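The opening position of the sequence shown corresponds to residue 1 in full-length UniProt numbering, with each subsequent residue numbered one higher.
The beta-carbon is built from N, C-alpha and C at its ideal position, and this holds for glycine as well.
Everything numeric in this text was worked out from a predicted model, so none of it was measured.
Here's the structure we're looking at; comments come further down.
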Amino acid sequence: MVLRSIHTLYAKNLNEKVSLNKLHDSLKTLFTDAGFQVLHIQACKNLALRGQAYISFNKNVDLNQVIETLNTKLLFDKPIVLQVAKQNSDVVLERFSSHSEYQEFLGKVRKERLDRRSSRIGGEKRKRGELEDKDMNSGENTKKRKVAINTVPNKMMIITNLSEDVTQKDLIDLLSKYDGFLTANYVSVRHLALIEFESEQDAIKCYKELGSDVMIKGKSSLLTYAKK
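Written as C-alpha cells, this is what we have:
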C-alpha cells in the first residue's frame with residue numbers, strides 16, 4: 001500500500017456500561033469540540049472488547065497532538081487512554097487509497113485468511129492422523145458418532161464437542177475477528193457454546209471462513225447453524 005502513515009487512534013478504558021450509540025456520539029463530540037476532524041469511529045461491540053474503540057481522522061490531523069490534548073480526558077467518569085493504532089482502519093484505507101490500491105489490500109487480507117485457514121486445516125488433519133495412529137497402535141477401538149449438520153443459515157450458531165478445558169475467552173478470541181459477532185455463551189456441562197451474530201450474512205461469512213470442523217484447544221469441534 002502506498003498509504004504508510006497511520007491515521008487511526010486506539011482508545012481504551014472507556015465506560016463499558018454506556019450504550020454503543022451514546023459512546024459513539026460522545027467520542028465524536030469530544031474530538032470535534034477539541035478541533036480534530038473525525039472520519040470514522042468504530043466502538044467494539046462484543047463483550048470481550050467492550051470499552052475499546054478505533055477513531056480515524058482526516059490526513060491533516062496530527063495524532064500526536066490529539067493524544068497530547070485528550071489523553072486521560074474524563075469521559076463518563078473514566079479517563080480515556082489513547083495511543084496510535086497498529087494499522088489504519090478499512091475506512092481510512094478506502095478513503096485515502098486509489099481503487100486499485102484498496103482492491104490490492106482486500107486481496108491481501110483474503111489471501112492471509114485463506115492461508116491461515118489452510119494452515120489450520122492442515123494442522124487439524126495431521127492431528128487427527130496422529131490420534132488415529134495412536135488408537136491403532138494401542139489396539140483401542142473408538143466409537144464414531146454421526147452428527148447431523150444443519151446447513152440452513154441462522155444468525156445463531158452452535159459449537160459442540162468442546163474440550164473440557166475450553167473457556168469462554170477462548171471462544172471469544174476465536175470469533176471476535178469476524179464482523180457482526182455479538183456473544184458466545186459457553187455451556188460447560190454440555191461441552192457446547194451458543195454463538196450469536198448480528199445477522200445471518202455475518203454468520204454465513206464466519207462459517208465459510210472456519211468451516212464445520214474447528215480445532216479448539218487441540219480438539220476437533222463441530223460448528224453448525226442452530227435450528228430455527
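Opposing strand residues paired with residue i [DSSP bridges]
i, result
"ILE55", "LEU9 and ILE41"
"TYR225", "MET157"
"LYS219", "ILE216"
"GLN83", "TYR10"
"ALA184", "ILE195"
"LEU74", "PRO79"
Spatial distance of residue i from residue j (CA atoms)
i, j, result
"PHE76", "ASN88", "26 Å"
"SER5", "ASP62", "11 Å"
"residue 267", "GLY180", "In the structure displayed, the chain extends from 1 to 228; residue 267 sits before or after that span and is not available."
"LYS169", "LYS45", "15 Å"
"GLU209", "ASP33", "41 Å"
"LEU27", "ASN60", "19 Å"
"ILE55", "ALA48", "19 Å"
"LEU114", "TYR207", "13 Å"
"SER212", "TYR225", "9 Å"
"LYS205", "VAL81", "33 Å"
"TYR178", "ASP202", "8 Å"
"GLY218", "LYS17", "35 Å"
"GLU68", "LEU30", "14 Å"
"MET157", "HIS191", "14 Å"
"GLU94", "LYS108", "14 Å"
is_contact[residue i, chain B] using C-beta, thresh 8 Å
i, result
"ASN13", "Here chain B cannot be found, since the structure has a single protein chain."
With 16 other Cβ atoms within 10 Å as the buried cut-off, status of residue i
i, result
"LEU74", "exposed"
"GLU196", "buried"
"LEU51", "Note that residue 51 corresponds to Gly in the displayed sequence, not to Leu. That one is buried."
"LEU70", "buried"
"VAL189", "exposed"
"LYS86", "exposed"
"LYS143", "Residue placement at LYS143 is poorly supported in this model, since its pLDDT is 42, which falls under 50; the coordinates still yield a value, given next. The residue is exposed, with fewer than 16 neighbouring Cβ atoms inside 10 Å."
"SER119", "exposed"
"VAL187", "exposed"
"SER221", "buried"
"THR8", "buried"
"LEU23", "buried"
Spatial neighbours of residue i in its chain, beta-carbon cut-off 8 Å, leaving aside the 5 residues before and after
i, result
"LYS78", "ASN13, LEU14 and ASN15"
"VAL214", "ILE159, LEU174, SER220, SER221, LEU222 and LEU223"
"LEU182", "LYS45, ASN46, GLU196, PHE197 and GLU198"
"ILE216", "ILE159, LEU162, SER163, VAL166, ASP170, LEU171 and LEU174"
"ILE41", "HIS24, LEU27, LYS28, ALA53, TYR54, ILE55 and SER56"
"SER176", "ASN46, ALA48 and LEU49"
"THR72", "PRO79, ILE80 and VAL81"
Sequence-distant residues of its chain with Cβ nearer than 6 Å to residue i (five each side left out)
i, result
"GLN83", "TYR10"
"ALA193", "ILE159, LEU171, ALA184 and TYR186"
"ALA43", "LEU20, LEU23, HIS24 and ALA53"
Same chain, Cβ closer than 7 Å to residue i, five either side skipped, listed in chain order
i, result
"PHE36", "PHE57, VAL61 and VAL66"
"ASN38", "The sequence given here has Val at residue 38, not Asn. Within the same chain, VAL38 has close Cβ partners LYS28, PHE31, THR32, ILE55 and PHE57."
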